[in-house]
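Student: I have a structure here, written as structure tokens, and I will follow up with some questions on it.
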Amino acid sequence: MICYIFGIIFCTCSCKPHDICGATDEILSCFTKILSYEAIEDLHRNLDGDKNGEVDHFETEKFLRKEFNSGDAAKKSRMLNSDDPLISLTDLWQMWRNNPAFNWTVRDTTQWLVSLVDLPQYVDLFRQHNLDGRSLPRLAMQNMSYLTDVLGIQNPIHKKKLMLRALDIILFGPPRR
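All residue numbers for the sequence shown refer to this note's numbering, where the first residue is 657 and numbers rise by one.
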């Protein structure tokens, strides 16, 4: 589907805007949600190893082991697949919409950037681009194009760190205090 906003912005997405945006959403807010959805769709595609449209426990574990080099991938996979053994794109989108980080403000996101990601040098960049919670999935995209092309972050270690931390927040929620 092609989304057309103000005669200027085009985006492709396998969704219907009314599935993503509420009737009361402003155009810019809706567009941000569509970009977030597309990034979640990219994540789902990467999680879905057998490309059947649903992510099972084994696919989740394999992805987590690969991305996080984690010894506790099996435990995290069980956490992610606990409510539903098969996660569809719609399920993953709903999980993200219900995640407290989805509603983070730019201030919340920059606090996360400083305290958990430990990359305070990008605070002004996050503010300049109004990166709020809905923007986190774009940081987690595997090709890192948003980090490189839009934000202009060149350091590969910083890009990988941002991607992994954003991925962790998206899949498992913000750390508990």
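All residues carry an ideal CB built from backbone N, CA and C; glycine is no exception.
Identify the residues that DSSP records as bridge partners of Ile743: which are they?
Tutor: In the sequence shown, counting from the first residue as 1, residue 743 sits at position 87. Ile743 is bridged to Val711.
Student: To which residues of the same chain is Leu807 closer than 7 angstroms at the C-beta, ignoring the five residues directly before and after it?
Tutor: Taking the sequence shown and counting its residues from 1, one reaches residue 807 at position 151. Cβ within range, chain order: Leu781, His785.
Student: Using the beta-carbon count (16 or more within 10 Å), is Leu818 buried or exposed?
Tutor: As a working note, residue 818 is residue 162 in the sequence shown. Burial call: buried.
Student: Step through the CB atoms of chain D and report whether any lies within less than 8 angstroms of the CB of Asn811.
Tutor: No chain D is part of this structure, which consists of one protein chain only.
Student: Going straight from the alpha carbon of Val779 to that of Gln810, what length do you get?
Tutor: Translated into the one-based positions of the sequence shown, residue 779 becomes position 123. Translated into the one-based positions of the sequence shown, residue 810 becomes position 154. Taken atom to atom, the span from the alpha-carbon of Val779 to that of Gln810 is near 15 angstroms.
Student: Helix, strand or coil: which one does DSSP assign to Phe666?
Tutor: Here residue 666 refers to the residue found at position 10 when the sequence shown is read from its first residue. Residue confidence is low: Phe666 scores 42 on pLDDT, short of 50, so the model does not pin down where it sits. Its coordinate-derived value is still stated next. Note: Phe666 maps to strand in three-state DSSP.
Student: What is the DSSP secondary structure of Asn759, counted as helix, strand or coil?
Tutor: Here residue 759 refers to the residue found at position 103 when the sequence shown is read from its first residue. Helix at Asn759.
Student: Just the C-alpha distance for Gln798 and Leu699, rounded to the nearest angstrom, thanks.
Tutor: Taking the sequence shown and counting its residues from 1, one reaches residue 798 at position 142. Taking the sequence shown and counting its residues from 1, one reaches residue 699 at position 43. Going by the C-alpha atoms only, they are around 8 angstroms apart.
Student: Taking the C-alpha atoms as reference points, what is the distance between His713 and Asp764?
Tutor: Walking along the sequence shown from the start, residue 713 turns up at place 57. Walking along the sequence shown from the start, residue 764 turns up at place 108. So the alpha carbons of these two residues sit roughly 31 angstroms apart.
Student: What is the DSSP secondary structure of Cys677, counted as helix, strand or coil?
Tutor: Numbered from its first residue, the sequence shown carries residue 677 at position 21. Here Cys677 sits in coil by DSSP.
Student: Of the choices Leu827, His814, Asn725, whose alpha-carbon is the least far from that of Met751?
Tutor: Here residue 751 is taken as the residue at index 95 of the sequence shown, counted from 1. When each option's Cα is compared against that of Met751, the closest is Leu827.
Student: Can you tell me where the alpha helix (DSSP H) with Ser685 in it begins and where it stops?
Tutor: Position 29 of the sequence shown, counting from 1, holds the residue named residue 685. It spans 683–703 - the alpha helix (DSSP H) in which Ser685 sits, taken as one unbroken run.
Student: Nearer than 7 angstroms: is that true of the beta carbon of Asn786 relative to any heavy atom of the ligand ATP?
Tutor: Of the ligands one can find in the structure shown there are none, so the ligand ATP has no counterpart to examine.
Student: Pick from Leu775, Gly705, Trp749: whose alpha carbon is nearest that of Lys815?
Tutor: Position 159 of the sequence shown holds residue 815. Closest option to Lys815, Cα to Cα, is Leu775.
Student: Using 8 angstroms for Cβ pairs, my map puts Pro756 next to Pro830. What's the rounded Cβ distance?
Tutor: Residue 756 sits at position 100 when you count from the first residue of the sequence shown. Residue 830 sits at position 174 when you count from the first residue of the sequence shown. Right, their Cβ atoms sit about 6 angstroms apart.
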